[in-house]
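Residue numbers (the numbering used here): 136 to 409.
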């Protein structure tokens with residue numbers, strides 16, 4: 136499977152958390168032909184010169200310490216819209232962001248970055264800790280009753296082939312008949328999709344009550360390297376229940392990286408995943 140973009144973006148703010156994001160991004164870059172680009176957003180055009188000089192020193196340091204040449208960009212705008220626009224400008228495949236637990240995610244919510252993630256055509260990977268080295272790369276893919284959840288399957292198969300990864304399909308055991316039937320249909324679709332591509336996977340039922348917590352506990356037990364999740368489409372009015380749920384996954388207590396994918400309307404218009 137070919138890459139969908141030309142670059143891996145790291146949202147860079149000169150903090151230790153952006154360095155964590157870089158560590159994860161470089162690991163992915165070494166497995167692909169994609170370049171890495173650090174993107175910093177400034178509020179005023181007058182700040183560009185001094186920030187470019189500061190960012191160039193970071194780029195030089197990365198080359199001398201990691202042996203990897205990375206690109207850099209400085210753009211004017213808000214953190215959310217500026218980062219998204221810059222990533223689209225260079226045809227990014229994925230954007231890495233480092234953050235500090237719930238407080239960090241709340242800061243992102245406050246600056247509308249969570250809104251950017253839920254509307255972005257480019258996936259975001261949220262990291263909180265240094266990358267852990269495991270014998271085998273493991274992906275945890277939650278499947279639920281939403282039809283959009285099947286959209287993670289492209290990334291599951293792409294990453295599984297890239298890293299030779301284990302795949303775990305996890306799904307809630309709902310009591311409500313309608314949700315249970317929809318989930319079963321999505322799980323069956325996912326299994327057929329993976330089998331059609333000769334992918335080996337585990338299938339695991341989890342408690343529907345506290346499903347997000349069950350996902351995190353299972354991922355910890357499996358020493359997962361990445362959890363993949365699909366967001367809801369951004370509502371016209373902010374849904375704080377949704378924010379709490381997605382925030383819980385992104386800022387999970389075990390600090391497992393999360394790849395966040397937004398639903399694509401075109402897939403449902405043309406029936407690709409029906």
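For each residue, glycine too, the CB sits at the ideal point set by N, CA and C. Predicted model only: the values in this text are computed from it and were never measured.
Anyone know if the C-beta pair for residue 158 and residue 265 falls short of 8 Å? Start at 1 with the first residue of the chain shown, and residue 158 comes out as number 23. Start at 1 with the first residue of the chain shown, and residue 265 comes out as number 130. Contact flag set, yes.
Just verifying my parser: in three-state terms, what is the DSSP assignment at residue 265? Against the chain shown, residue 265 aligns to sequence position 130. Residue 265 falls in the coil class under three-state DSSP.
Would DSSP call residue 278 helix, strand or coil? For the purposes of this step, residue 278 is identified with residue 143 of the chain shown, where counting begins at 1. The answer is coil: DSSP assigns residue 278 none of H, G, I, E or B.
Residue closest to residue 319, alpha-carbon to alpha-carbon, out of 277, 381 and 298: Working through the chain shown from its first residue, we reach residue 319 at position 184. Checked all of 277, 381 and 298; the closest Cα to residue 319 is 277.
Of the residues 205, 260 and 305, the one placed nearest residue 354, counting alpha carbons only: The count along the chain shown starts at 1 and reaches residue 354 at position 219. Nearest of 205, 260 and 305 to residue 354, Cα basis: 305.
Below 8 Å between beta carbons: does that hold for residue 350 and residue 362? Here residue 350 refers to the residue found at position 215 of the chain shown. Here residue 362 refers to the residue found at position 227 of the chain shown. Yes. Within cutoff.
Quick one: residues in its chain with C-beta nearer than 6 Å to the C-beta of residue 317, no 5 flanking neighbours on either side, listed in chain order? Counting from 1 along the chain shown, the entry for residue 317 is found at position 182. Closer than 6 Å at the Cβ level, and outside the excluded window around residue 317, lie 280.
Just to confirm my understanding: we take residue 372, look at its own chain, exclude 5 residues before and 5 after, and list those with CB closer than 8 Å. What are they? Here residue 372 corresponds to residue number 237 of the chain shown, with the count starting at 1. With a pLDDT of only 42 at residue 372, under 50, the local geometry of the prediction cannot be trusted, and no value is derived from it.
For the beta strand (DSSP E) holding residue 394, just list the boundary residues, first then last. The residue given as residue 394 occupies position 259 in the chain shown. Taken as a continuous stretch (DSSP letters only), the beta strand (DSSP E) holding residue 394 covers 393-396.
Out of 346, 168 and 177, which has the shortest C-alpha to C-alpha gap to residue 310? As a first step, residue 310 must be located in the chain shown, where it is residue number 175. Minimum Cα distance to residue 310 is reached at 346.
Quick one: is the Cβ of residue 228 within less than 7 Å of any heavy atom of the ligand PLP? The ligand content of the structure shown is nil, which means the ligand PLP is not present either.
Looking at the structure shown, is residue 389 part of a helix, part of a strand, or coil, going by DSSP? Taking the chain shown and counting its residues from 1, one reaches residue 389 at position 254. Looking at residue 389 - three-state DSSP - the assignment turns out to be coil, as it is neither helix nor strand.
On the DSSP letters alone, give me the boundaries of the beta strand (DSSP E) that residue 91 sits inside. Residue 91 lies beyond the range of the chain shown here (136 to 409); nothing can be said about it.
Between residue 171 and the rest of its own chain, which residues show a CB-CB distance below 6 Å, the 5 nearest in sequence each way excluded? Against the chain shown, residue 171 aligns to sequence position 36. Hits under 6 Å: 143, 160, 164 and 205.
Do three or more CB pairs link the segment 195-210 to the segment 171-183 at distances below 8 Å? yes
Nearest-angstrom Cα separation, counted from residue 321 out to residue 335: The sequence position of residue 335 within the chain shown is 200, counting from 1. The sequence position of residue 321 within the chain shown is 186, counting from 1. Roughly 17 Å between the two C-alpha positions.
Who are the near neighbours of residue 357 in its chain, counting only those whose CB is closer than 7 Å to its CB and skipping five residues on each side? Here residue 357 corresponds to residue number 222 of the chain shown, with the count starting at 1. These residues qualify, in order along the chain: 273, 275 and 303.
Can you give me the Cβ contacts of residue 324 inside the same chain, cut-off strictly under 7 Å, excluding the 5 residues immediately before and after it? Taking the first residue of the chain shown as 1, we reach residue 324 at position 189. Within the same chain, residue 324 has close Cβ partners 285.
For residue 141 and residue 225, what's the separation of their Cα atoms in angstroms? Position 6 of the chain shown, counted from the start, is the residue given in the question as residue 141. Position 90 of the chain shown, counted from the start, is the residue given in the question as residue 225. The straight-line gap from Cα to Cα measures roughly 7 Å.
Report the three-state DSSP secondary structure of residue 173 (helix, strand or coil). What you label residue 173 is simply residue 38 of the chain shown in a count that begins at 1. In the structure shown, residue 173 sits in a strand (DSSP, three-state: E or B).
Assigned secondary structure, residue 179 (DSSP; H/G/I helix, E/B strand, else coil): Residue numbering aside, residue 179 sits at position 44 when the chain shown is read from its first letter. In this structure, residue 179 counts as coil in the three-state DSSP scheme.
Can you tell me the Cβ-Cβ gap for residue 180 and residue 211, rounded? I've got them flagged as a contact below 8 Å. As a first step, residue 180 is located in the chain shown; it is residue number 45 there, counting from the start. As a first step, residue 211 is located in the chain shown; it is residue number 76 there, counting from the start. About 5 Å separates the two Cβ atoms, so the contact holds.
What residues in its chain sit with their C-beta under 7 Å from that of residue 153, if we drop five residues either side in the sequence? Counting from 1 along the chain shown, the entry for residue 153 is found at position 18. Excluding residues within five positions, the ones whose Cβ falls inside 7 Å are 145, 146, 147 and 233.
Please state if the CB of residue 396 and the CB of residue 287 are separated by a distance shorter than 8 Å. Mapped onto the chain shown, residue 287 falls at position 152. Mapped onto the chain shown, residue 396 falls at position 261. Taking 8 Å as the cut-off, the Cβ atoms of residue 287 and residue 396 count as close.
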